[in-house]
Amino acid sequence: MFKRANMIRRLRSKRIKVAVDLTPMLPGGVNGGVKPAILEFIRALQQFSEPHFRFYFITAASTHHEVEAIATEHDAVICIEWPDSGVNLTPNGFQKNSIDVLYAPFGMIRFPDCGIPAVTMIVDLLHRDYPFSITEEERQTREEYFAGMVQHASRFQVISEFTGSRLIHHYGVPAGKIFRTYLAIHDRIKVRDIPSQCRRNPYFFYPANFWLHKNHEILLIAFQIYQHQAGSAAWDLILTGSDDKRRCTLQELAMALGISDHVVFKGHVSDEELAQLYSGADVLVFPSLHEGFGIPPLEAMNLGIPVLASHEGSLHEIVGEAALLVDPKKPFELADAMTKLASSEQLRAELRCRGVQRAKDFSFPAEVTSLAQMLVKLAPTWDRRLRRRVSQLWSNGRTRARIKIVNACRFCRNCLGKALRRGNISPER
Amino acid sequence: MRIAFDVAQTCGPKAACGWAADLLAKALAESAPDDEFYLYHHFGTWLNPDTSGGTRLQRPNTKEPFRHMTIGEARELWAAVASGNGELPGSPEIVHANCYQAPKVGSAKLVYTVYDMSFWTHPEYTTEVNRLVCQQGTLDAVSRAVGFVFISQSTRSEFERIFPKLRARQNLVSTVAPLASRFAVVAHPRGEISSRAWLAVGSLEPRKNYGTLLDALEQYSHRSKHRRPLVIAGGSGWKSELLRQRIQEMGQRGLVRYLGYVSGETLNRLYREAFALVFPSHHEGFGLPIVEALSQGCPVITGRNTSLEEAGGSAALYYDATSEDLARSMLELENHPDLYLQKSSLALTQARKFDWKITAKNVLGLYRQLLS
């Protein structure tokens, strides 16, 4: 017992090496809100001194430079051509670099046999809860990687209680393997006051990619109803989101609905532009049909922007009683809420006040600490001597340790010894 | 005129929309012998594995260019038309869509039938897949169609409430083309009170409000001398597991008999023999069972919501929302022979107002307006 505690302390005092699989990261805003959130988590972990995290970033060519920009001199960045040269990253590769933990923040575990504990982040279970939003091919892909992930991950980082409950519901993952970290990255948006002469027509703001479950159709219909009722006093609607085929379709729809003069499609915007758009926004409208967290509503609450949101998915969990919630499938309900908010300064003031209060319940440092603790908890389960031993076995090419078994016993030396004796370590295929 | 008419929905087991397309196609071809009609058995992305059950009109002015096309061939053809590299068979001047699809149709003018807006006003009554299909079709139509056909005034009003700005759009025409009974209106009203059961028609789905009906039936049977049972004719819908269990349980007590999906012939017989149709639907685009029951002299109890009053006119007996009120109406009809006979005779007058010939005339008028 003493020896083990000693070992943990030793490990903590030095450093924990985390391999971060960023190969699924795409350029621009195609990944949605999850990308900035992951980068914020990593930046925050880099600030830790006790324990000290060192990162071994695994990247794809298209976003390699973005990762290089955030790597410190302690980190390594390795670019691989997935899947072709994924073979370069054999268990040995992880061993040689003495990686303690693999962190797969984009969900899929691409190196299941790397021989070290893996933490994976799950944002939603869209492929089961709202499969209409993705192609059949994409649905199958997700089915496959979820199956692998559920089998191989040691811990599951979920971004809301809602997502956690869906993971338990669909995959029967034990609650003890799940930990929740909210994507409370709302502080990154700093808004400066805009000089009054720049002020334009008031507007509803909806920052979201044009995915089907973001429900832009109903928003446009509802906005059209609202706009017709409000007449010349009507506000505008500003949309941001990565360009794709659906943006064109939606732009055509706005044209057909006769609202194209009042709907602005901004495309993917930089953080600075985003801050500017937030600073001018009068109401954040968020009618999503499925959400694992909901960064924009939190950002808006934090900035004192009234929120009008869908009651689906995680959104109620995030906004609590601080937003106006509607059924996002009902255009009239959404339109009525827009009318109500646009016409009542009193209601907006109340929501502003409640939102600011609500946003205070979310603290990014606390969320990062949860993640850091989990990484630490898993890291020392690897005894260095054991690592050498398993490494030798691998290099002999005779056997392959099954991570699942080893993780389950939390890697104490005895357990592995027992596993070896019992033959629970399976020979290589 | 060269008119392409979508009959894709007539190829499988037909719901009201399928029947409507089938009967309107026939009425149109008969009413306008000098115009050419091309029946499309595959339409947009609505492609049928088997078209043999679809509308068949052997008339000199109708052709069936898609009848013998495979799904693959039809898909290719529609894709080619969508990308501007293909032409629709028959080079129609007008393409009339009837199945919640509004595909690109090249230089032809697109006419779109609007059945109802319940997927927007009451999304809880439908499945998510169905909601998305209806939404996409209707929004495509808003972008592409130049003519709209509404199956009731109530559907038109709802549509205009949802798309208030569309009215102002130039060159957009529309008409109300109500459905009509599949069965010829019987010559005489009922001379005596039928001894048979209550009838309910409609698939088992939340929109049809069977819950209220079964509640009312329980209350009614406690207070009725006759204790007429309820016969339910309707295919299996969705979100109705609990309802099924309840129907089974009430079936064991002799209160309910569930027939499932029935053929047109059987349905006609049911209307002729039933004591009355009870139709408490939450939402209808038209309410075809009402008009079909009336056409057979069968009295109807229904609500005043959406299109129901339009279909029932002065012939139906109306109840106000609650199961208590529905039970009261059932007892009232049962205990007042005068009322029963009066409603049966009004039924025929009301049913005669709906005629496929009149509807076809409206639709032809819309086509001509578009081409003038």
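Going down the list, the protein sequences come from chains A and B.
When you line the first sequence up against this note's numbering, it's residues 12 to 440, in that order.
When you line the second sequence up against this note's numbering, it's residues 72 to 443, in that order.
Yeah, the Cβ is synthetic: ideal placement off N, Cα and C, and Gly gets one too.
Integer-rounded CB distance, given that residue j should sit under 8 Å from residue i
| i | j | result |
| --- | --- | --- |
| Thr120/A | His163/A | The displayed chain sequence assigns Ile, not Thr, to residue 120/A. 5 Å between Cβ atoms; contact. |
| Ala91/B | Ile222/B | 7 Å |
| Lys201/A | Ala286/A | 6 Å |
| Ala268/B | Val362/B | At roughly 21 Å, the Cβ-Cβ gap does not stay under 8 Å, so Ala268/B and Val362/B are not in contact. |
| Ser73/A | Leu33/A | No, Ser73/A and Leu33/A are not in contact; Cβ-Cβ is about 11 Å, not under 8 Å. |
| Phe350/B | Val327/B | Actually they are not in contact, since the Cβ atoms of Phe350/B and Val327/B sit about 16 Å apart, beyond 8 Å. |
| Leu419/B | Val256/B | 6 Å |
| Arg253/B | Gly335/B | 6 Å |
| Tyr193/A | Ile170/A | 7 Å |
Euclidean distance between Cα positions of residue i and residue j
| i | j | result |
| --- | --- | --- |
| Glu135/B | Tyr141/A | 39 Å |
| Lys432/B | Ala103/B | 9 Å |
| Gly331/B | Leu358/A | 51 Å |
| Ser165/A | Pro128/A | 6 Å |
| Ser406/A | Tyr114/A | Residue confidence for Ser406/A is low, a pLDDT of 46 falling below 50, so the modelled location carries little weight; the figure read from the coordinates is stated next. Whole-angstrom Cα-Cα distance: 24 Å. |
| Lys415/A | Val161/A | Because the pLDDT of Lys415/A is 33, which lies under 50, any placement of that residue in the model is unreliable, and the number read from its coordinates should be weighed accordingly. Lys415/A and Val161/A: Cα-Cα distance of roughly 10 Å. |
| Phe343/A | Val294/A | 18 Å |
| Ala245/A | Gln262/A | 19 Å |
| His197/A | Glu310/A | 5 Å |
| Tyr144/B | Ala153/B | Correcting the residue type first, residue 144/B is Glu in the shown sequence and not Tyr. Computed Cα separation, rounded: 14 Å. |
| Ser189/B | Ala382/B | 17 Å |
| Cys259/A | Ala364/B | 47 Å |
| Val417/A | Pro123/A | Confidence in Val417/A is poor, its pLDDT being 36 and thus under 50, which makes the residue's placement too unreliable to answer from. |
| His75/A | Asp255/A | 23 Å |
| Ile480/A | Glu378/A | A query on residue 480/A cannot be resolved here, the shown segment of chain A reaching from 12 to 440 and no further. |
| Lys180/B | Val244/B | 11 Å |
| Arg191/A | Ser176/A | 11 Å |
| Val275/A | Glu284/A | 14 Å |
| Tyr438/B | Val184/A | 60 Å |
| Pro194/B | Gly159/A | 36 Å |
| Thr192/B | Thr350/A | 18 Å |
| Arg257/A | Ser299/A | 15 Å |
Closest by C-alpha distance to residue i, when choosing among the options
| i | options | result |
| --- | --- | --- |
| Ala248/B | Thr430/B, Ser443/B, Gly436/B and Leu441/B | Thr430/B |
| Leu379/B | Tyr183/B, Ala179/B, His353/B and Ser400/B | His353/B |
| Ser178/B | Ile74/B, Leu288/B, Gly89/B and Tyr291/B | Ile74/B |
| Asp187/B | Trp309/B, Val200/B, Thr209/B and Arg399/B | Thr209/B |
| Phe66/A | Ser73/A, Ala82/A and Gln58/A | Ala82/A |
| Met321/B | His259/B, Gly308/B, Leu402/B and Leu288/B | Leu288/B |
| Ile69/A | Gly183/A, Val31/A, His197/A and Pro317/A | Val31/A |
| Ala390/A | Gln57/A, Asp111/A and Glu323/A | Asp111/A |
| Lys107/A | Cys90/A, Cys125/A, Gly118/A and Phe117/A | Cys125/A |
| Asp86/A | Gly39/A, Gly118/A, Phe64/A and Pro185/A | Phe64/A |
| His112/B | Val217/B, Glu312/B, Ala87/B and Leu128/B | Leu128/B |
| Phe304/A | Ile27/A, Ala48/A, Asp254/A and Gly291/A | Ala48/A |
| Ala186/A | Glu172/A, Thr152/A and Ala195/A | Glu172/A |
| Gly40/A | Asp282/A, Arg369/A, Ser374/A and Leu319/A | Asp282/A |
Within-9 Å CB hit, residue i to chain A
| i | result |
| --- | --- |
| Glu276/B | no |
| Val434/B | no |
| Phe234/B | yes |
| Pro194/B | yes |
| Trp191/B | yes |
| Ala86/B | no |
| Gln172/B | no |
| Val302/B | no |
Cutoff 9 Å: residue i Cβ touching any chain B Cβ
| i | result |
| --- | --- |
| Pro151/A | Note on identity: in this sequence residue 151/A is Gln, with Pro being the wrong assignment. With 9 Å as the cut-off, Gln151/A does not count as an interface residue toward chain B. |
| Lys256/A | no |
| Leu404/A | Confidence in Leu404/A is poor, its pLDDT being 48 and thus under 50, which makes the residue's placement unreliable; the coordinate value appears in the next sentence. No, its Cβ sits nowhere closer than 9 Å to a Cβ of chain B. |
| Lys388/A | no |
| Lys225/A | no |
| Tyr217/A | no |
| Ile416/A | Residue placement at Ile416/A is poorly supported in this model, since its pLDDT is 33, which falls under 50; the coordinates are not used for a value here. |
| Arg433/A | Bear in mind that a pLDDT of 44 at Arg433/A, under 50, signals an unreliable position, so the number given afterwards is only what the model happens to contain. It does not: the Cβ of Arg433/A has no partner Cβ on chain B nearer than 9 Å. |
Cβ contact (3+ pairs, closer than 8 Å) linking the stretch 248-258 of chain A and the stretch 209-221 of chain A
yes
Counting Cβ pairs closer than 8 Å, one from the stretch 325-333 of chain A and one from the stretch 382-391 of chain A, do we hit at least three?
no
Are the stretch 169-176 of chain B and the stretch 119-128 of chain B touching by the rule of at least three beta carbon pairs closer than 8 Å?
no
Inter-stretch contact at 8 Å, needing at least 3 Cβ pairs: the stretch 130-150 of chain A / the stretch 221-235 of chain A:
yes
Pairing CB atoms from the stretch 257-268 of chain A with CB atoms from the stretch 228-238 of chain A, are three or more of them under 8 Å?
yes
Report yes or no: do the stretch 76-92 of chain B and the stretch 160-170 of chain B share at least 3 C-beta pairs separated by less than 8 Å?
yes
Contact between the stretch 146-161 of chain B and the stretch 202-220 of chain B: three or more CB pairs below 8 Å?
no
Is it the case that the stretch 393-412 of chain B contacts the stretch 282-296 of chain B, given that we only count it when at least three CB pairs across the two stretches are under 8 Å?
yes
Measuring CB atoms only, is the stretch 299-319 of chain B touching the stretch 333-352 of chain B, in the sense that at least three cross pairs come out at less than 8 Å?
yes
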